[in-house]
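>
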Amino acid sequence: HAQIDPSFIHFNDPKWFNMWYIHCNDKSSHCRSEMNIQAAWQRGYTGKNVVVTILDDGIERNHPDLAQNYDHLASYDVNGNDHDPTPRYDSRNENIHGTRCAGEVAAVANNSHCMVGIAYNAHIGGIRMLDGDVTDIVEAKSLGIRPDYIDIYSASWGPKDDGKTVDGPGPLTKQAFERGIKKGRKGLGSIFVWASGNGGRQGDHCSCDGYTSSIYTISISSTTENGNRPWYLEACSSILATTYSSGDFNERKIVTTDIRQRCTDGHTGTSVSAPIVAGIIALALEANFLLTWRDVQHLLVRTSRPVHLKADDWRTNAAGHRVSHLYGFGLVDAEAMVLEAEKWRTVPSQHTCSQMPERRIRYIHAGQSVNSSITTSGCSEEPEQHVDHLEHVVVKVLVVHPRRGDLEINLISPSGMKSQLLAKRLFDSSNEGFRNWEFMTVHFWGEKAEGTWTLEIIDSPSKLRNPEVLGNLKEWTLILHGTSQNPYQPYSGQHSSSRMLEIPASQEFQEEQQLEAEEEQDEYNGSCHSECGDQGCDGPDAEHCLNCVHFSLGSLKSDRSCVSHCPLGHYEDMVSRRCRRCYKGCERCVGQSAGDCVSCRRGLYLNRLNSSCTDTCPPGYFADENQRQCLKCHDTCMRCLRYADRCTACRERYSLAGMTCVPQCTDGTFFHLEEMTCSPCHSSCRTCTGPGKEECIQCAEDYLQQEWGCVQTCTPGFYSGESAGVPHKMCHRCEENCLSCSGPGTTCTKCKEGYSLVSRTCIVNASCNNADEVFCEMVKSNRLCEKKLYRQFCCRTCLMNG
Amino acid sequence: SVAFGHRDVYTNHWAVRITGGQEQADKISAKYGYMNLGQIGSLEDHYHFHHSRIVRRAAYALKGPHSFIHMDPEVDWAQQQVVKPRVKR
Numbered sequence: 001h002a003q004i005d006p007s008f009i010h011f012n013d014p015k016w017f018n019m020w021y022i023h024c025n026d027k028s029s030h031c032r033s034e035m036n037i038q039a040a041w042q043r044g045y046t047g048k049n050v051v052v053t054i055l056d057d058g059i060e061r062n063h064p065d066l067a068q069n070y071d072h073l074a075s076y077d078v079n080g081n082d083h084d085p086t087p088r089y090d091s092r093n094e095n096i097h098g099t100r101c102a103g104e105v106a107a108v109a110n111n112s113h114c115m116v117g118i119a120y121n122a123h124i125g126g127i128r129m130l131d132g133d134v135t136d137i138v139e140a141k142s143l144g145i146r147p148d149y150i151d152i153y154s155a156s157w158g159p160k161d162d163g164k165t166v167d168g169p170g171p172l173t174k175q176a177f178e179r180g181i182k183k184g185r186k187g188l189g190s191i192f193v194w195a196s197g198n199g200g201r202q203g204d205h206c207s208c209d210g211y212t213s214s215i216y217t218i219s220i221s222s223t224t225e226n227g228n229r230p231w232y233l234e235a236c237s238s239i240l241a242t243t244y245s246s247g248d249f250n251e252r253k254i255v256t257t258d259i260r261q262r263c264t265d266g267h268t269g270t271s272v273s274a275p276i277v278a279g280i281i282a283l284a285l286e287a288n289f290l291l292t293w294r295d296v297q298h299l300l301v302r303t304s305r306p307v308h309l310k311a312d313d314w315r316t317n318a319a320g321h322r323v324s325h326l327y328g329f330g331l332v333d334a335e336a337m338v339l340e341a342e343k344w345r346t347v348p349s350q351h352t353c354s355q356m357p358e359r360r361i362r363y364i365h366a367g368q369s370v371n372s373s374i375t376t377s378g379c380s381e382e383p384e385q386h387v388d389h390l391e392h393v394v395v396k397v398l399v400v401h402p403r404r405g406d407l408e409i410n411l412i413s414p415s416g417m418k419s420q421l422l423a424k425r426l427f428d429s430s431n432e433g434f435r436n437w438e439f440m441t442v443h444f445w446g447e448k449a450e451g452t453w454t455l456e457i458i459d460s461p462s463k464l465r466n467p468e469v470l471g472n473l474k475e476w477t478l479i480l481h482g483t484s485q486n487p488y489q490p491y492s493g494q495h496s497s498s499r500m501l502e503i504p505a506s507q508e509f510q511e512e513q514q515l516e517a518e519e520e521q522d523e524y525n526g527s528c529h530s531e532c533g534d535q536g537c538d539g540p541d542a543e544h545c546l547n548c549v550h551f552s553l554g555s556l557k558s559d560r561s562c563v564s565h566c567p568l569g570h571y572e573d574m575v576s577r578r579c580r581r582c583y584k585g586c587e588r589c590v591g592q593s594a595g596d597c598v599s600c601r602r603g604l605y606l607n608r609l610n611s612s613c614t615d616t617c618p619p620g621y622f623a624d625e626n627q628r629q630c631l632k633c634h635d636t637c638m639r640c641l642r643y644a645d646r647c648t649a650c651r652e653r654y655s656l657a658g659m660t661c662v663p664q665c666t667d668g669t670f671f672h673l674e675e676m677t678c679s680p681c682h683s684s685c686r687t688c689t690g691p692g693k694e695e696c697i698q699c700a701e702d703y704l705q706q707e708w709g710c711v712q713t714c715t716p717g718f719y720s721g722e723s724a725g726v727p728h729k730m731c732h733r734c735e736e737n738c739l740s741c742s743g744p745g746t747t748c749t750k751c752k753e754g755y756s757l758v759s760r761t762c763i764v765n766a767s768c769n770n771a772d773e774v775f776c777e778m779v780k781s782n783r784l785c786e787k788k789l790y791r792q793f794c795c796r797t798c799l800m801n802g
Numbered sequence: 803s804v805a806f807g808h809r810d811v812y813t814n815h816w817a818v819r820i821t822g823g824q825e826q827a828d829k830i831s832a833k834y835g836y837m838n839l840g841q842i843g844s845l846e847d848h849y850h851f852h853h854s855r856i857v858r859r860a861a862y863a864l865k866g867p868h869s870f871i872h873m874d875p876e877v878d879w880a881q882q883q884v885v886k887p888r889v890k891r
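One line per chain: the protein sequences are A and B, in this order.
For the first sequence, the residue numbers in the working numbering are 1 to 802.
For the second sequence, the residue numbers in the working numbering are 803 to 891.
What follows is the structure, given as structure tokens:
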């Protein structure tokens, strides 16, 4: 429970005080707001230069609380096949969803409008793709829009949550996901955030949603203000983390932008949570642009925690992570995310190890369970497949069963941790079974892969069934994803509170110098150690010397010893012939002071400007792991990360292109990466990304944009017109089969070969055999020819016949 | 909204995989009466074809001359698109 927050930020957005999930400053009541978003802002992270897009039913780009952050390059209208994702307005306000999601991510701060987005300085776009027939093509196109420009795709939709559907991405969308994580963000991987299912009331289970159970998407759940389970929440093993959302009537709600330039607290469900996480990930990307898609998932696992989220099934897995089927690893922590992100080391490459038990018939009897086990080495014999430290675990099953909803499926790891892959679904009476359906769990994250895994299928009939019709586990495959090495380096922050690297000196030197010899009381007459000087010794070891040939190490309190060379962390004082300690953090030095360091201990870097060891290099320098020094960034970089030419901020007159600072080329030119100069665009482009005519960003004066190029006049089949959201004229496609038209709709003036112009539309030249007078009268009286669907039939024949 | 309950609703859009670039895809689309609407997002060699003579929505995958595209040796893969019922959460 929060006290009054002395560092409270004040914004003038009218609903700022209602945003309980970002700050707590209500003096009259208890308040828990533990996503720590404000704390992340106070560390300087607001989503600057990060691009997020909302895949939904559109975005009101001219909403006063979105316009400033709206990015047309992060937007597209897949339903309408144009560049304007403005939602379709109607009396039922069907298309409010995308605008509501967008506001949560990036509503502008302190502009006297509505509220404040989580990443209020991020770029926000929208891909209108739900307002029409959604097909595999539509989804794949949407997920593949500008993957090198858009960082985060947020989706708050999915298959029906009716408790009986099993559906997921089609082959194209699966490829789009794989391509996105491999090639998006110039190889770092696109980030896909997904809202988990909302079918709690229908007893749905989100493992039957192939989008949220994909390893490429970050599946997000919701909790209410008081940590209660919302009525709409589904449980499943693929949920990674949770945010606050609207809940019961007596709990506070989330506020966001609404269409028609309004503000609303009516946004609810897991649709609230996915955009919040998209915003938080934007803050993390601002802290570290080099995070890969897997780094982001690791960050969420490491920083999310249960806090006050209520669930009966919180368990601690063998890696020490607490996890629940309702909330994943728990409530997101924005501050912890950015702090971990700052110092994050990219995790090792992903390995995948698959194993299948030997095929045999395993009947599932009603009221009983079936167990099948596999013992795996984690593919240790194949270096490229070896998995030791787990990330996602996928089980692909082929199960035949008369009533699918009666099944419960569990997976037990070698450590004994059990994850429920599927719960019973009361409304699912399908007899289709699971045909190579992939169930995914994150519950074993960090555990060891090696050992015996057990799949358990329990059949609990909910209605009378024919007992002779048995279910059958035909085959199953265990797919382990993870790494062969520990993904976390020793100095990575284990928790947000341990973000500063401190090396307690006493502890450090105790580990290095364990000199616990007992003082010899008795006189010794044997031979001395070779390091002993001319005064002899009291015993045979170097600790027994009365003086030293070379150097003395230690003191009376820590047991002195004679050494030929001083160990790391010490320097050789030639005057007193003693090993003296370097300054804290130094590995090698020439003196005791902070400026006498020559090299630093692991985890620190030598700043040559003042010869001191530091964990943070000064501006213009980066921490080089190999040399353990602060090295200068490339001249054009103001800041860089890990390499001199991996820029994260540029000097004046340069701009960031990916990770390179390139000169800001004037209009009409683009920066040629190979020649490292500004080269001219094609004459048809005003601005461009390359020399070709298909590489225009904006068209030159007197040119029109057609498809992906610029033309002086529109080619046959296109007409010239304005387009909302685009600063220049565009060529729009005429109606189909039309070669020349004057505008949208039926304005054709010339048709393709094989078509005739009738009433300014193109109709195929075929004739209808049965177009008699009665038929044509029916066509005419019902004005069927005005309907596009019927034009291709008999309109030409009827019209030609008068 | 989908008018046919749980049954698939077939559209007049196809996804095809054709190597040989845009020209080859245009040639094949014209051969069977389709219009090539271009590459599908970032998926190389995958194209979006539309057939205006096929009814926009149908409860069955209607057969006709257009169906021969599936057998064309230049076409690696083709799939008629079905409407996927999707809900906003």
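By construction, the Cβ of each residue, glycine as well, lies at the ideal position given by its N, Cα and C atoms.
Keep in mind that this is a model prediction, so the values were computed, not measured.
Please classify A:M440 as buried or exposed, where buried requires at least 16 neighbouring CB atoms within 10 angstroms.
Looking at its Cβ environment, which holds 16 or more other Cβ atoms inside 10 Å, A:M440 is buried.
> Tell me where the alpha helix (DSSP H) around A:E680 begins and ends.
The question names Glu, yet the displayed sequence has Pro at residue 680 of chain A. First-last for A:P680: T677 to P680, but that is the beta strand (DSSP E), not the alpha helix (DSSP H).
> With 16 other CB atoms within 10 Å as the buried threshold, where does A:S496 fall?
With a pLDDT of 30 at A:S496, under the threshold of 50, the modelled position of that residue is not reliable, and no figure is offered here.
> In chain A, which residues lie with their C-beta within 9 Å of the C-beta of B:V885?
Within chain A, the residues near B:V885 are D133, V134 and T135.
> Nearest CA to the CA of A:I118: which residue from A:Q420, A:E286 and A:T666?
Selected option, being the one with the closest Cα: A:E286.
> Of the residues that make up the stretch 733 to 756 of chain A, which ones have a beta carbon closer than 9 Å to any beta carbon in chain B?
So the close ones are E736 and N737.
> Does any C-beta atom of chain A lie closer than 8 Å to the C-beta of B:T813?
Yes, B:T813 counts as interfacial toward chain A.
> Find the residues of chain B that neighbour A:I145, judging by a C-beta separation of less than 7 Å, and give them in chain order.
Those within 7 Å of A:I145 in chain B are G843.
> Do the stretch 394 to 414 of chain A and the stretch 424 to 438 of chain A make contact, defined as three or more Cβ pairs closer than 8 Å?
Short answer: they touch.
> Less than 8 Å between C-beta atoms, sequence neighbours within five positions excluded: which residues of the same chain meet that for A:A644?
Correct list, in chain order: F622, L631, K632, C633, H634 and C637.
> Could you name the residues of chain A that B:H868 contacts, counting a contact when the two beta carbons are closer than 7 Å?
Chain A residues near B:H868: none, gap ~14 Å exceeds 7 Å.
> Considering A:D615, what are the terminal residues of the alpha helix (DSSP H) in which it resides?
Looking at the DSSP string, A:D615 is not in any alpha helix (DSSP H), and its letter there is neither H nor E.
> On the premise that A:R128 lies in contact with A:G58, defined as a C-beta separation below 8 Å, what is that separation, rounded to the nearest angstrom?
About 4 Å separates the two Cβ atoms, so the contact holds.
> Could you tell me which chain B residues have their CB closer than 8 Å to the CB of A:A195, listed as they occur along the chain?
Neighbours of A:A195 on chain B, chain order: R891.
> Answer with yes or no whether the minimum CB distance from B:A817 to chain A is below 8 Å.
For B:A817, the answer is yes, since a Cβ of chain A falls inside 8 Å of its Cβ.
> Please determine if the stretch 307 to 320 of chain A and the stretch 339 to 348 of chain A are in contact, where contact requires at least 3 C-beta pairs separated by less than 8 Å.
Verdict: no, contact absent.
> Find out if the Cβ-Cβ distance for the pair A:H254, A:V272 is shorter than 8 Å.
First, the residue type needs correcting, since residue 254 of chain A is Ile and not His in the sequence shown. Yes, these two residues count as a Cβ contact at 8 Å.
> In chain B, which residues lie less than 7 Å from A:N198 when you measure between Cβ atoms?
Correct list: R891.
> Less than 8 Å between CB atoms is the rule here; does B:H848 satisfy it with respect to chain A?
So, interface residue.
> Determine the chain B residues that contact A:K160 at a beta-carbon separation under 7 Å, and present them in chain order.
Correct list: P887 and V889.
> Is it true that the stretch 74 to 82 of chain A meets the stretch 48 to 55 of chain A, where meeting means three or more beta-carbon pairs spaced less than 8 Å apart?
As far as the Cβ criterion goes, the stretch 74 to 82 of chain A touches the stretch 48 to 55 of chain A, which means the pair count is three or higher.
> Specify, as a first and last residue, the run of the alpha helix (DSSP H) that A:Q297 falls within.
W293 to T303 is the extent of the alpha helix (DSSP H) around A:Q297.
> Considering only the alpha carbon of each residue, which of A:K752, A:D313, A:F718 and A:Y755 lies closest to A:G745?
Ranking A:K752, A:D313, A:F718 and A:Y755 by Cα distance to A:G745 puts A:F718 first.
> Just to confirm, is the Cβ distance from A:I137 to B:H850 under 8 Å?
Going by C-beta atoms, A:I137 is nearer than 8 Å to B:H850.
> Is the CB of B:M837 under 8 Å away from at least one CB in chain A?
True, the Cβ-Cβ gap to chain A drops below 8 Å.
> Determine the burial state of A:G158: buried for a count of at least 16 other Cβ atoms within 10 Å of its Cβ, exposed for fewer.
Buried, because 16 or more other Cβ atoms sit within 10 Å of the Cβ of A:G158.
> What residues match up with A:V193 in a beta bridge as DSSP calls it?
Answer is A:S154 and A:I218, bridged to A:V193.
> At the level of alpha carbons, what is the spacing between B:P875 and B:D847?
If you take the alpha carbons of B:P875 and B:D847, they lie about 15 Å apart.
> Check whether chain B comes within 8 Å of A:T223, counting only Cβ atoms and requiring the distance to be less than that.
No - not a single Cβ of chain B is within 8 Å of the one on A:T223.
> Give the residues from the stretch 169 to 180 of chain A that approach chain B closer than 8 Å (Cβ to any Cβ), ordered along the chain.
Residues G170, P171, L172, Q175, A176, R179 and G180.
> Identify, in the order they occur along the chain, each residue of the same chain with its Cβ nearer than 6 Å to the Cβ of A:Q803, setting aside the five sequence neighbours on each side.
Because chain A here runs from 1 to 802, residue 803 of chain A falls outside it and cannot be looked at.
> Find out if the Cβ-Cβ distance for the pair A:M356, A:E475 is shorter than 8 Å.
Result yes, Cβ atoms of A:M356 and A:E475 sit closer than 8 Å.
> What's the call for B:A863, buried or exposed, on a 16-neighbour Cβ count within 10 Å?
It counts as exposed.
> In terms of residue numbering, what span does the alpha helix (DSSP H) encompassing A:D258 cover?
First-last for A:D258: T256 to D258, but that is the beta strand (DSSP E), not the alpha helix (DSSP H).
> Determine whether the beta carbon atoms of A:R201 and A:Y232 lie at a separation below 8 Å.
Yes, the Cβ-Cβ distance between A:R201 and A:Y232 is below 8 Å.
> Using 8 Å as the Cβ pair cut-off and three pairs as the minimum, do the stretch 237 to 252 of chain A and the stretch 39 to 49 of chain A touch?
In short, these stretches do not touch, since the Cβ pair count stays below three.
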